[in-house]
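Below: the structure, in structure tokens.
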Amino acid sequence: MKLSKRLQTLDSLVTQHYDHIWDCCCDHGFLGMTLLKRQAATQVHFVDIVPDLMDLLHQRLERYFPRQAGFDWQIHCQDVGTLPLAQHEGKHLVIIAGVGGDLMSELVKAIIHAHPNTTIEFLLCPVHHTYTLRSLLQELGAQCISETLLEENGRYYEVLHVVTRSQTHQHRSLSKVGEQIWQQSDQQRELAKRYHAKLLAHYARMQQSTPDKVAPILKAYQAITFDD
1 MKLSKRLQTL DSLVTQHYDH IWDCCCDHGF LGMTLLKRQA ATQVHFVDIV
51 PDLMDLLHQR LERYFPRQAG FDWQIHCQDV GTLPLAQHEG KHLVIIAGVG
101 GDLMSELVKA IIHAHPNTTI EFLLCPVHHT YTLRSLLQEL GAQCISETLL
151 EENGRYYEVL HVVTRSQTHQ HRSLSKVGEQ IWQQSDQQRE LAKRYHAKLL
201 AHYARMQQST PDKVAPILKA YQAITFDD
């Protein structure tokens with residue numbers, strides 16, 4: 001089961017043990033199965049709203065990760081925005097990938113609003129509209145644990161690891177345009193520059209049709225500088 005570069009990056013960012021990991025919309029459960037195999041959580045939950053996909057995944061899990069062998073997992077065929085976190089005590093990590101920033105924002109907002117007193121970590125990798133997602137996370141008071149930039153098959157992805165209701169002071173506030181991803185060296189800096197140029201070109205085009213909405217976004221990205 002070979003993971004894509006994007007899923008490999010998500011896997012590499014899960015560096016501690018959780019009581020519950022929720023794999024949401026992540027390429028047919030491949031990431032969740034990888035985390036299950038290395039026992040990154042006491043229990044791994046697989047969530048998608050498509051019944052046929054979940055039936056197939058259920059068969060695969062029963063075959064390769066039988067519960068009698070010590071693997072603990074659950075299947076949830078439901079809207080990601082309705083995760084039953086309150087039914088499961090402990091430390092939660094919710095992983096959402098493969099959807100746009102607009103939809104991801106709606107899902108994250110629904111989860112946080114449904115669990116206002118719960119500390120939740122999110123590992124998020126939207127396919128686009130990251131500014132929208134970052135703005136929502138900032139509005140909800142999420143703190144940044146890390147942010148990562150990667151390129152796969154000619155597309156750029158930001159991976160955001162954030163936490164709500166953080167109990168420590170070691171995490172930073174989240175920027176709408178990012179901080180860590182621009183402060184890289186050597187090869188990663190060149191990647192960041194290419195991504196930055198693509199964002200500027202995209203929002204310059206967008207500004208022609210919706211100038212009032214896009215102007216502040218474009219200005220924020222234009223303010224990013226690189227230390228050469």
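The numbers in the working numbering rise by one with no breaks, and the one at position 39 of the sequence shown is 39. Cβ coordinates follow ideal geometry from the N, Cα and C atoms, glycine included.
Coarse secondary structure for residue i, derived from DSSP in three states
| i | result |
| --- | --- |
| V162 | strand |
| T225 | coil |
| E147 | strand |
| A40 | coil |
| S173 | strand |
| H45 | strand |
| L13 | coil |
| A215 | helix |
| E179 | coil |
| A97 | strand |
| H128 | coil |
| H20 | strand |
| L107 | helix |
| L140 | coil |
| L3 | coil |
Closest by C-alpha distance to residue i, when choosing among the options
| i | options | result |
| --- | --- | --- |
| V47 | G100, Q39 and L107 | L107 |
| A142 | L150, H113, T225 and T42 | H113 |
| A223 | G178, I120, F71 and E147 | G178 |
| L85 | D212, H20 and K213 | H20 |
| D72 | E62, Q78 and D79 | E62 |
| L140 | N153, P116, L160 and T42 | P116 |
| P216 | D227, F226, H196 and A204 | A204 |
| S166 | D186, L136, H196 and I120 | I120 |
| C24 | R38, A97, G90 and G70 | A97 |
| L174 | F226, L124, Q138 and C125 | Q138 |
| E89 | Q43, K37, G101 and L136 | Q43 |
| S105 | C144, Q207, L136 and V214 | L136 |
| R38 | D52, L53, M54 and G70 | G70 |
| L124 | K91, E158, N153 and S185 | E158 |
| R6 | Q208, N153, H202 and A201 | N153 |
| K195 | M54, T148 and H171 | The sequence as given places Tyr at residue 195; Lys does not occur at that position. Checked all of M54, T148 and H171; the closest Cα to Y195 is T148. |
| T118 | F226, T164, Y221 and V99 | T164 |
| V99 | L83, Q87, H128 and D79 | H128 |
| L200 | A220, S209 and Q188 | A220 |
Buried versus exposed, by CB contacts within 10 Å (16 or more), residue i
| i | result |
| --- | --- |
| H169 | exposed |
| V50 | exposed |
| D67 | It should be noted that the sequence gives Arg, not Asp, for residue 67. Its Cβ having fewer than 16 others within 10 Å, R67 is exposed. |
| E151 | exposed |
| H17 | exposed |
| R134 | buried |
| T130 | buried |
| E190 | exposed |
| Y64 | exposed |
| G101 | buried |
| P126 | buried |
| T9 | buried |
Cβ-based neighbour list, residue i, same chain, cut-off 6 Å, excluding 5 preceding and 5 following
| i | result |
| --- | --- |
| F122 | V94 and V162 |
| W182 | A192 and I224 |
| A110 | G81 |
| C77 | P51 and M54 |
| S146 | H161 |
| K91 | Y18 and D19 |
Same chain, Cβ closer than 7 Å to residue i, neighbours up to 5 away in sequence not counted
| i | result |
| --- | --- |
| L57 | H28, G29, F46 and I75 |
| K198 | Y156 |
| Q184 | A192 |
Cut-off 8 Å between Cβ atoms - residues of its own chain near residue i, not counting five sequence neighbours on either side
| i | result |
| --- | --- |
| D11 | L3, L31, T34 and L35 |
| A40 | V14, H17, Y18 and I21 |
Short CB-CB distance (under 8 Å) between residue i and chain C
| i | result |
| --- | --- |
| R67 | Absent from the structure is chain C; it holds one protein chain and no more. |
Suppose only complete runs of 4+ residues qualify. What are the alpha helix (DSSP H) ranges in the region 47-93, listed by chain order? 51-64
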